[in-house]
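Below is one structure, written out as C-alpha cells; the observations come after it.
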Amino acid sequence: MTTASDPAQKGSAKDVDKFLRLYRQMMAIRMFEEHVNELYTRALMPGLAHLYIGEEAIAVGVCEALRRDDFITSTHRGHGHCLAKGASPELMFAELLGKEAGYCRGKGGSMHIADPATGNLGANAIVGGSVGIATGAAFSAKTLKTGQVAVCFFGEGALGQGVLYECFNMAQLWKLPVIYVCENNMYSEYTHFSETTAGDIPARAAAFGIKAETVDGQDVRAVLAAATVLADRARRGEGPAFLLCNTYRYRGHHVGDINREYYRSKKEEQQWLGENDPIKNYSEWLKAGKHADASALSAIDAELKAEMDSAMKFAIAAPYPSIDQVDQDVYA
Amino acid sequence: MPENGTREITFAEAVREALAEEMRRDSRVFIMGEDVAEAGTPFKVLSGLVEEFGTSRVVDTPISEAGFTGVGVGAAMTGLRPVVDIMFGDFITLTMDQMVNQAAKVHYMSGGKWKVPMVMRTTLGAARRSAAQHSQSLHAWFSHVPGLKVVLPSTPYDAKGLLKTAIRDDSPVVFFEDKMSYKLKGPVPLEEYTIPLGVADIKRVGKDITLVGTSSMVQVALEAAVLLEKKGISAEVVDPRTTWPLDEHTLIESVKKTSRAIVIDEGYGRYGVAAELAATIAEGAFHYLDGPVRRIGAMHVPIPFSPPLEDLTVPTGKTVFDVALKLCGRS
Numbered sequence: 068m069t070t071a072s073d074p075a076q077k078g079s080a081k082d083v084d085k086f087l088r089l090y091r092q093m094m095a096i097r098m099f100e101e102h103v104n105e106l107y108t109r110a111l112m113p114g115l116a117h118l119y120i121g122e123e124a125i126a127v128g129v130c131e132a133l134r135r136d137d138f139i140t141s142t143h144r145g146h147g148h149c150l151a152k153g154a155s156p157e158l159m160f161a162e163l164l165g166k167e168a169g170y171c172r173g174k175g176g177s178m179h180i181a182d183p184a185t186g187n188l189g190a191n192a193i194v195g196g197s198v199g200i201a202t203g204a205a206f207s208a209k210t211l212k213t214g215q216v217a218v219c220f221f222g223e224g225a226l227g228q229g230v231l232y233e234c235f236n237m238a239q240l241w242k243l244p245v246i247y248v249c250e251n252n253m254y255s256e257y258t259h260f261s262e263t264t265a266g267d268i269p270a271r272a273a274a275f276g277i278k279a280e281t282v283d284g285q286d287v288r289a290v291l292a293a294a295t296v297l298a299d300r301a302r303r304g305e306g307p308a309f310l311l312c313n314t315y316r317y318r319g320h321h322v323g324d325i326n327r328e329y330y331r332s333k334k335e336e337q338q339w340l341g342e343n344d345p346i347k348n349y350s351e352w353l354k355a356g357k358h359a360d361a362s363a364l365s366a367i368d369a370e371l372k373a374e375m376d377s378a379m380k381f382a383i384a385a386p387y388p389s390i391d392q393v394d395q396d397v398y399a
Numbered sequence: 041m042p043e044n045g046t047r048e049i050t051f052a053e054a055v056r057e058a059l060a061e062e063m064r065r066d067s068r069v070f071i072m073g074e075d076v077a078e079a080g081t082p083f084k085v086l087s088g089l090v091e092e093f094g095t096s097r098v099v100d101t102p103i104s105e106a107g108f109t110g111v112g113v114g115a116a117m118t119g120l121r122p123v124v125d126i127m128f129g130d131f132i133t134l135t136m137d138q139m140v141n142q143a144a145k146v147h148y149m150s151g152g153k154w155k156v157p158m159v160m161r162t163t164l165g166a167a168r169r170s171a172a173q174h175s176q177s178l179h180a181w182f183s184h185v186p187g188l189k190v191v192l193p194s195t196p197y198d199a200k201g202l203l204k205t206a207i208r209d210d211s212p213v214v215f216f217e218d219k220m221s222y223k224l225k226g227p228v229p230l231e232e233y234t235i236p237l238g239v240a241d242i243k244r245v246g247k248d249i250t251l252v253g254t255s256s257m258v259q260v261a262l263e264a265a266v267l268l269e270k271k272g273i274s275a276e277v278v279d280p281r282t283t284w285p286l287d288e289h290t291l292i293e294s295v296k297k298t299s300r301a302i303v304i305d306e307g308y309g310r311y312g313v314a315a316e317l318a319a320t321i322a323e324g325a326f327h328y329l330d331g332p333v334r335r336i337g338a339m340h341v342p343i344p345f346s347p348p349l350e351d352l353t354v355p356t357g358k359t360v361f362d363v364a365l366k367l368c369g370r371s
C-alpha cells in the first residue's frame with residue numbers, strides 16, 4: 068500500500084495544482100451535499116437523498132486516477148462519484164429537483180445520475196446493481212481496445228449480492244480492465260457490517276485471483292496512490308482489481324435518518340468527525356507541507372460556496388419537464 | 041416473399057443464419073452465454089458460428105445468468121451489440137434484476153442518454169419431458185415491463201427476419217424461441233430481408249372466427265383451422281409476432297371481420313399474454329363480438345414430468361377446435 072510522502076516536502080507547481088484540486092473536489096462534494104440537506108429540510112426536494120459526507124476522499128482519490136473517458140458506475144449514495152468524475156453541480160441539483168435541465172431530464176433523480184460526457188454509466192439504486200454494467204463496460208473496452216478502465220463503486224452492503232461474485236469470476240477469467248471499489252462505511256442502511264459480513268473482505272476478491280488491496284478511505288492521497296497503480300495495471304491489460312476503502316458515513320442512511328442512536332452511538336460519530344475527517348486531515352497536511360495556507364483554503368471554500376449557492380438557485384428556478392416528456396425515451 | 045431463391049430450412053437454421061449475417065455485417069455484434077461456442081448450445085442452434093467468428097465473438101460464459109446478462113447490458117451501453125443466450129427460458133428468473141431494473145430502464149432513467157442495444161435469446165415451450173424447471177413459457181413477464189421489446193417468432197421465415205431486426209434495434213429485445221419448433225421447416229428466401237417489430241402476420245385468412253396464436257401456438261391454431269374447415273367453419277389465424285410493440289390494429293380488424301376470437305398462448309392463461317391480447321380485442325372490437333373472447337393457455341400448474349400429465353397442460357389443435365365449435369354455436 069502506498070503511503071503519504073513526507074509532509075514537509077515541497078511539491079512542484081504542478082503538484083500543488085493537483086493537491087489543491089483534490090481539496091477543492093472533496094470540499095465541493097461536501098458543500099454540494101450540505102446544500103442537498105438544506106433542500107430537503109426546506110422541503111424543496113422531492114423524495115430523499117443519500118449523502119456522501121465523510122466519504123469524499125474515495126471518489127476524489129479514485130477519479131483523480133482516471134481519464135475523462137474512463138467509465139464509472141455509482142450507487143444510491145452517488146453524488147460524490149458523479150461530481151468527482153466531472154459532473155456539473157447545476158445539472159446535478161436540477162436533476163435532484165426533477166427539473167428538465169437535469170442530467171436525466173428529471174427522470175432519474177438523486178439515485179440515477181448518468182452522464183456519457185464524463186463516462187458516468189449511471190448511479191444505481193439496486194445494491195450491487197451496477198456490477199454487471201461496469202464489468203460489461205470493461206468487456207467493451209478490452210474488445211474495442213480503447214484503453215479505457217471501468218470503476219465500479221459500491222458500498223459494503225453489495226458484498227451480500229451474488230452477482231458481484233459472478234462478475235469477479237468473469238472479470239478475472241477474461242482479464243477485464245475493471246476496478247471494484249468497495250466503500251465500507253460500516254453501515255448497510257441501519258445494520259453494522261459485522262452483523263452481515265463473514266470472513267475477510269479482500270479475501271473474497273483474492274479468492275478469484277483478483278488483485279485485492281485495502282486503503283484508508285479517509286486519506287485521499289493514499290486512495291489516489293492505490294487507484295493510480297490499479298488503473299495503470301488495468302490499462303496495461305493486467306486485469307481487474309478490488310480496492311477496499313475503509314470509511315464512515317457521517318450522516319444517516321438518507322437525509323431523513325436523523326435519530327440514529329438505535330444503531331450507532333453519537334460518540335462513535337464524533338470520534339470519526341474529530342479524528343478521521345478526510346478534508347480536515349488533508350487540510351492539515353496541505354498546511355504542514357506549506358502547499359497552501361489557511362487563507363488560500365478559505366478562499367477556495369468561499370468560491371465553492373458561491374458556486375453551490377448559485378447552482379442551487381439555478382435548479383430551484385429551472386422549469387419542470389413538460390408533461391409530454393412522460394412517455395419519451397422509453398425506447399431508443 | 042419472393043418465389044425465386046427460396047428454400048426450405050429449419051427454424052434453428054434460420055436463427056443461425058440471422059446471427060451469422062448480422063455478425064458479418066456488424067463487427068460489434070457478439071454472442072455470449074453458456075455452451076454457445078464449440079457446443080453450439082444443447083439445441084445445436086449455434087453450431088458452426090464459433091468456427092467462423094472465433095471465441096472472442098462467440099463467448100462461452102460461466103453458469104452465471106445474472107452476471108453475464110449484466111455484462112451484456114454494460115457492453116451494450118459502451119459500444120458493442122451483445123446477443124445474450126439464456127439456454128432455457130426458465131432461467132430468465134435469474135436475470136430479472138439485470139433485465140427489469142437495468143436493461144429496461146437505463147434509457148429512460150438517463151433521460152435518453154444511454155442506450156442498451158442488446159438481444160436476449162431464450163426459449164419457451166413444454167412437451168419435451170423436461171419437467172417444471174425446463175418447460176415454462178415466461179414471455180409474459182418481460183412483456184409486462186416498459187423498456188423491453190418481446191419477440192415470439194413462429195416460423196423459420198419470421199425467426200430470421202425478426203432476429204435480424206432485433207439485433208439492429210437500439211433497445212433491449214427479448215427473443216423467445218419455442219424449443220419444439222427448432223426442427224420445423226419452412227420457406228426462407230436466399231436474399232436478405234428483415235421484418236419490422238410490431239407488425240402482426242395473418243397466417244391463414246378466414247371469415248368466421250379469429251384464432252390468435254403466438255409462437256408454438258400458431259401451429260396449434262393452424263391445426264385447429266384445418267379441423268374447423270371440415271365442419272364448414274372458416275378460421276383466420278393471426279400471429280402478433282411481437283407482444284411489444286403490439287400490432288393492435290391487425291388483431292382488432294380481424295375480429296371485427298369474424299366477430300369471434302380465441303387467443304392461444306403457451307404461457308399461463310391467468311394474468312398472461314393471452315389475457316392481454318383478449319383484453320385488447322375486447323376493448324377494440326366489443327361491438328362486433330358475437331361472444332366472449334376466449335383464452336387458452338398452459339394449465340395453471342407447474343409443468344409435470346410424467347408424459348400423460350404434461351400433455352394435458354399444453355393446448356392442442358383439438359382443444360382449440362372444441363372451444364371454437366362452441367363459440368360458433370356448434371358442437
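Chains A and B supply the protein sequences, listed in that same order. According to the working numbering, the first sequence is numbered sequentially starting from 68. According to the working numbering, the second sequence is numbered sequentially starting from 41. Using N, Cα and C, we set each Cβ at its ideal position, and we do this for glycine too.
For the alpha helix (DSSP H) that residue i lies in, which residues bound it at each end?
i, result
"cysteine 312/A", "Note, cysteine 312/A: premise wrong, no alpha helix (DSSP H); beta strand (DSSP E) at 308-313."
"glycine 199/A", "198-211"
"asparagine 104/A", "80-108"
"isoleucine 383/A", "361-384"
"leucine 297/A", "287-302"
How would you list, in chain order, the residues of chain B whose beta-carbon sits under 9 Å from the beta-carbon of residue i?
i, result
"methionine 237/A", "Thr101, Pro102, Ser104, Gly107, Phe108 and Val111"
Leaving aside the five residues before and after residue i along the sequence, list all residues of the same chain whose C-beta is less than 6 Å from its C-beta, in chain order.
i, result
"valine 380/B", "Nothing can be reported for residue 380/B, as the shown portion of chain B is limited to 41 through 371."
"arginine 318/A", "Leu118 and Ile120"
"tyrosine 328/B", "Lys296 and Ser299"
"threonine 195/B", "Gly226"
"histidine 147/B", "Lys155"
"alanine 42/A", "The first residue shown for chain A is 68 and the last is 399, placing residue 42/A beyond what the model contains."
How would you list, in chain order, the residues of chain A whose beta-carbon sits under 7 Å from the beta-carbon of residue i?
i, result
"aspartate 210/B", "Ala399"
"valine 146/B", "Gly189"
"serine 183/B", "Result: empty, since nearest Cβ-Cβ is about 14 Å, beyond 7 Å."
"lysine 204/B", "Correct list: empty, because the minimum Cβ distance to chain A is about 17 Å."
"glutamine 138/B", "Gly199"
Please go through the same chain and pick out, in chain order, the residues whose beta-carbon is closer than 8 Å to the beta-carbon of residue i, but skip the five residues on each side of it.
i, result
"methionine 220/B", "Gly165, Ala167, Arg168 and Ser256"
"serine 3/B", "Limits of chain B in this structure are 41 at one end and 371 at the other, which puts residue 3/B out of reach."
"serine 155/A", "Ala378"
"alanine 95/A", "Leu150, Pro156, Leu371, Glu374 and Met375"
"alanine 151/B", "Residue 151/B is actually glycine in this sequence, not alanine. Cβ neighbours of glycine 151/B beyond the five flanking positions: none."
"threonine 205/B", "Thr234, Ile235, Pro236 and Leu237"
"glutamate 256/A", "Gly224 and His320"
Does the distance from the C-beta atom of residue i to that of residue j stay below 9 Å?
i, j, result
"glycine 284/A", "leucine 231/A", "no"
"glutamine 228/A", "phenylalanine 275/A", "no"
"valine 393/A", "arginine 302/A", "no"
"tryptophan 284/B", "valine 190/B", "yes"
"isoleucine 132/B", "glycine 73/B", "no"
"glutamate 186/A", "serine 197/A", "Note that residue 186/A is glycine in the sequence shown here, rather than glutamate. For glycine 186/A and serine 197/A, no; Cβs fall outside 9 Å."
"cysteine 249/A", "alanine 201/A", "no"
"phenylalanine 215/B", "valine 140/B", "no"
"alanine 364/B", "alanine 240/B", "no"
"alanine 106/B", "aspartate 137/B", "yes"
So the beta strand (DSSP E) residue i belongs to, where does it begin and stop?
i, result
"tyrosine 308/B", "301-308"
"cysteine 249/A", "245-251"
In chain A, what lies closer than 9 Å to residue i by C-beta?
i, result
"leucine 120/B", "Gly203, Phe206, Ser207, Thr210 and Leu211"
"proline 186/B", "Asp394, Val397 and Tyr398"
"serine 382/B", "Residue 382/B falls outside the range modelled here, since chain B spans only 41 to 371, and no answer is possible."
Counting only Cβ pairs nearer than 8 Å, list the residues of chain A close to residue i.
i, result
"alanine 115/B", "Gly203, Ala204, Phe206, Ser207 and Thr210"
"methionine 149/B", "Cys171, Lys174, Gly175, His179, Ala181 and Gly189"
"glycine 152/B", "Arg172, Gln395, Asp396 and Ala399"
"lysine 155/B", "Ala399"
Apart from the five residues on each side of it in sequence, which residues of its chain come closer than 7 Å, Cβ to Cβ, to residue i?
i, result
"valine 287/A", "Leu89, Met93, Ala124, Val127, Gly128, Pro345 and Tyr349"
"aspartate 73/A", "With a pLDDT of 49 at aspartate 73/A, under the threshold of 50, the modelled position of that residue is not reliable, and no figure is offered here."
"phenylalanine 83/B", "Ala52, Lys219 and Tyr222"
"aspartate 362/B", "none"
Residues of chain B with a CB under 7 Å from the CB of residue i: which are they?
i, result
"isoleucine 200/A", "Gly110, Val113, Gly114, Met117 and Gln142"
Below 8 Å on C-beta distance, what does residue i contact in chain B?
i, result
"valine 296/A", "Residues of chain B passing the Cβ test: none, with the nearest at roughly 24 Å."
Runs of alpha helix (DSSP H) lying entirely within the segment 189-238 of chain B, each at least 4 residues, in chain order: 196-208
Could you pull out every unbroken alpha helix (DSSP H) segment of at least 4 residues lying fully inside the segment 283-354 of chain B, listed in chain order? 288-298, 313-325 and 347-353
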